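Chemist: In this note's numbering, the protein residues as written are 962 to 1350.
Sharing a structure with you now.
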Amino acid sequence: MTQSPNNNESLIHSLKQSIRQCIEQTDDQSTLTRCLEMLQAARKRQEEGDEIVKDMAVTGQLRGASSDKRQLLDYTLSTQQEELSAGTLANVETSEEETPEKLLQQRLLNRRMLLGVLTAVAVCAIIVFAGHYIHWSDDSDKQKYVTVAEKYETIEVNGVQFNMVSIEGGTFTMGATNEDGEEDSDELPTQKVTLSPFTIGETEVTQGLWKAVMGNLPASFDGDYHPMKDISWDDCQEFIDSLNKLTGRHFHLPTEAQWEYAARGGNRSKGYKYAGGSHIEEVAWFSANAWDKGKDSPDFGNHSVGTRKPNELGLYDMSGNVWEWCQDSYARYDGTPKKDPTGPQNSSNSYRVNRGGSWDYIATSARCSNRRNRTPDFRNFNLGMRLAE
């Protein structure tokens, strides 16, 4: 009596259902690509003839297009099913009589197919689990940060979400303090500043959020999770006006004092030189790990937000990645204590403050106390923004 093809069909059906259950838990394009790549690796490690996914050209389609993942999966698995079914029917047609040797070969084939099912399910489960809890090593457009702030609010605009982190009020020394170890002349004299509670963006405003609010991207597109760039102070005001109309909120650029207080870690500050630590490589994209790599390096340029270590408040990229506009007009410090300062009022000075350094600037620019100023209409590839309320 010959082996029925129903066993093979049942195994293939089980494989398809198991993989679908795993893959349908994620919409992450890079995760799906890795799933197929790992399935291919699993196939290569097994004996010849045990093919889990035969046509891996589908991997290239998945990497380069926004095709529906179910359609691609169905195509891949149906190709496999057709080939295995054809092989089974051919085996039935050529098997005129049952022999112990053929029965043994059939049992080995079934065992390998079952092992393939279990391997595929295990690999998919691991990938889906990892996609929820760890970052992939590349800086893909789908890479997201992990929210570690204790108190925050998630806001959604036209399908795009962003977080605003609550910052407790407090008093701090603004300017070049001892932990900075270096300073520019406009960071002195230091001054005591007291701030009321406020909220500030967990990350820089992303290109995806800008597109959701404004419907366009004035800068060359890097990816939805990359920081918005090439925007002037005036552009920021237009964006904020549109965002406030969409949300009914009262967002604004952070004042310079709010920005520095938040960058230093607020009332949880540990006295770091940079926002989140004293070792800049851990907390910032700056010239040494981005610009200096050269244009042929994947690390050249700005990076998806949240790919470096956050600071004490759970804020990302306050040092490095892109410079950030503040609301204030630029002025030198006078050393006197202040409460909720907003910069000079009715000033004839047309310059506005930038903070935080960027991916093409040296480490000293990423210090929490460092300041820069530009005219309100100035734009550059390394200049973006962060929200406050």
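Glycine is no exception: its CB is placed at the ideal position from the N, C-alpha and C atoms.
Note that this is a predicted model, so its numbers are computed, not measured.
1. Going by DSSP in three states, K1300 sits in which element: helix, strand or coil?
2. Give me the Cβ distance between E1148 and R1332, rounded to the nearest whole Å; I'm assuming they're in contact under 8 Å.
3. State the DSSP-derived secondary structure class of C1287, mapped to helix, strand or coil.
4. Under a three-way DSSP split, which group does N1124 fall into?
5. What did DSSP end up calling I1323 once you bin it into helix, strand or coil?
6. In the DSSP assignment, find the alpha helix (DSSP H) that holds T1216 and state where it starts and stops.
7. Please report the straight-line C-alpha distance between D1278 and V1266, rounded to a whole angstrom.
8. Can you have a look at V1174 and say buried or exposed, based on whether 16 or more other CB atoms are within 10 angstroms of its CB?
9. Could you give the DSSP three-state label for G1345: helix, strand or coil?
10. Just tell me which of Q1122, V1283, S1181, G1130 has its CA closest to the CA of P1188.
11. Leaving aside the five residues before and after G1120 along the sequence, list all residues of the same chain whose C-beta is less than 7 Å from its C-beta, in chain order.
12. Ordered along the chain, which non-local residues of its own chain (more than five positions away) have a Cβ less than 8 Å from that of A1180?
13. Please state if the CB of P1271 and the CB of G1237 are separated by a distance shorter than 8 Å.
14. Measuring CB atoms only, is the region 1248-1262 touching the region 1149-1163, in the sense that at least three cross pairs come out at less than 8 Å?
15. Using only alpha-carbon positions, find the residue among T1132, S1157, W1246, V1314 that is nearest to N1228.
16. Within a Cβ cutoff of 7 Å, which residues of the same chain sit near N1205, ignoring the five residues on either side of it in sequence?
17. For P1337, write down the residues that DSSP places opposite it in a beta bridge.
18. Flag this pair as yes or no: are the beta carbons of E1163 and S1330 separated by less than 8 Å?
19. In angstroms with no decimal places, state the Cα-to-Cα distance between Q1288 and Y1312.
20. For a test of the three-state rule: what should DSSP assign to V1314, helix, strand or coil?
21. Please classify P948: is it buried, with 16 or more other beta-carbons within 10 angstroms of its beta-carbon, or exposed?
22. Taking 8 Å as the cut-off, decide whether the C-beta atoms of T1160 and E1285 are in contact.
23. Which same chain residues end up closer than 6 Å to T1155 when comparing Cβ atoms and leaving out the 5 residues on each side of it in sequence?
Modeler: Inspection of the coordinates gives the following:
1. As a first step, residue 1300 must be located in the sequence shown, where it is residue number 339. Three-state result, K1300: strand.
2. Sequence index remark: in the sequence shown, residue 1148 carries index 187 (1-based). Sequence index remark: in the sequence shown, residue 1332 carries index 371 (1-based). The pair is a contact, with the Cβ atoms about 6 Å apart (cut-off 8 Å).
3. Locating residue 1287 in the sequence shown gives position 326, where the first residue counts as 1. In the structure shown, C1287 sits in a strand (DSSP, three-state: E or B).
4. In the sequence shown, counting from the first residue as 1, residue 1124 sits at position 163. Of the three classes helix, strand and coil, the one that applies to N1124 here is strand, per DSSP.
5. The residue you call residue 1323 lines up with position 362 of the sequence shown. Coil.
6. Your numbering for residue 1216 matches position 255 in the sequence shown. It is not in any alpha helix (DSSP H) - T1216 carries neither H nor E in the DSSP assignment.
7. Along the sequence shown, read from residue 1 onward, the residue named residue 1278 stands at position 317. Along the sequence shown, read from residue 1 onward, the residue named residue 1266 stands at position 305. Distance between the alpha carbons of D1278 and V1266 is about 7 Å.
8. Here residue 1174 corresponds to residue number 213 of the sequence shown, with the count starting at 1. Its Cβ being crowded by 16 or more others within 10 Å, V1174 is buried.
9. Here residue 1345 refers to the residue found at position 384 of the sequence shown. The three-state secondary structure of G1345, taken from DSSP, is strand.
10. Your numbering for residue 1188 matches position 227 in the sequence shown. Of the listed residues, the one whose Cα sits closest to P1188 is V1283.
11. The residue you call residue 1120 lines up with position 159 of the sequence shown. Hits under 7 Å: A1173.
12. On the sequence shown, residue 1180 is found 219 positions in, with the first residue counted as 1. Q1168, M1189, K1190, D1191, I1192, F1342.
13. As a position in the sequence shown, residue 1237 is number 276, starting the count at 1. As a position in the sequence shown, residue 1271 is number 310, starting the count at 1. Result yes, Cβ atoms of G1237 and P1271 sit closer than 8 Å.
14. no
15. Taking the first residue of the sequence shown as 1, we reach residue 1228 at position 267. Answer by Cα proximity: T1132.
16. Taking the sequence shown and counting its residues from 1, the one referred to as residue 1205 is at position 244. Closer than 7 Å at Cβ, skipping near neighbours: H1211, F1212.
17. As a first step, residue 1337 must be located in the sequence shown, where it is residue number 376. Paired residue(s): none; P1337 is not in a bridge.
18. Position 202 of the sequence shown, counting from 1, holds the residue named residue 1163. Position 369 of the sequence shown, counting from 1, holds the residue named residue 1330. No. Outside cutoff.
19. Reading the sequence shown from its first residue, position 327 is the one you call residue 1288. Reading the sequence shown from its first residue, position 351 is the one you call residue 1312. One C-alpha to the other measures close to 11 Å.
20. If you number the sequence shown from 1, residue 1314 lands on position 353. It is a strand residue.
21. Given a span of 962 to 1350 for the chain in the structure shown, any question on residue 948 remains unanswerable.
22. Working through the sequence shown from its first residue, we reach residue 1160 at position 199. Working through the sequence shown from its first residue, we reach residue 1285 at position 324. No, Cβ-Cβ distance for T1160 and E1285 is not below 8 Å.
23. Counting from one through the sequence shown, the residue named residue 1155 turns up at place 194. These residues qualify, in order along the chain: T1132, K1300.
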